[in-house]
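One structure is given here, and the rest of the page talks about it.
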């Protein structure tokens, strides 16, 4: 099972030694799309949680390396 870690600088999907960097903006866009689909399917609470996650990603201060 993959592990997910997120911050405003980068989002990485970790699978053993392999790591794929994903743009935080692309992740947020995908989460919003899933939230819209969940809302349309009647999963209003799930949609609200996904939107809150997007909000937290944008509110997070960038980490400097």
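Numbering (this note's numbering), first residue to last: 58 to 122.
Ideal Cβ placement from N, Cα and C applies to all residues, glycine included.
When the Cα atoms are used, what is the spatial distance from residue 97 to residue 86? Position 40 of the chain shown, counted from the first residue, corresponds to residue 97. Position 29 of the chain shown, counted from the first residue, corresponds to residue 86. So the alpha carbons of these two residues sit roughly 17 Å apart.
State the start and end residues of the unbroken alpha helix (DSSP H) segment that holds residue 92. Taking the chain shown and counting its residues from 1, the one referred to as residue 92 is at position 35. Bounds of the alpha helix (DSSP H) holding residue 92 are 81 to 97.
Cβ neighbour criterion (16 or more within 10 Å) applied to residue 12: Lying outside 58 to 122, the shown extent of the chain, residue 12 is not represented and no answer is given.
Whole angstroms is fine: what's the gap from residue 107's alpha carbon to residue 95's? Locating residue 107 in the chain shown gives position 50, where the first residue counts as 1. Locating residue 95 in the chain shown gives position 38, where the first residue counts as 1. Cα to Cα, residue 107 sits roughly 9 Å from residue 95.
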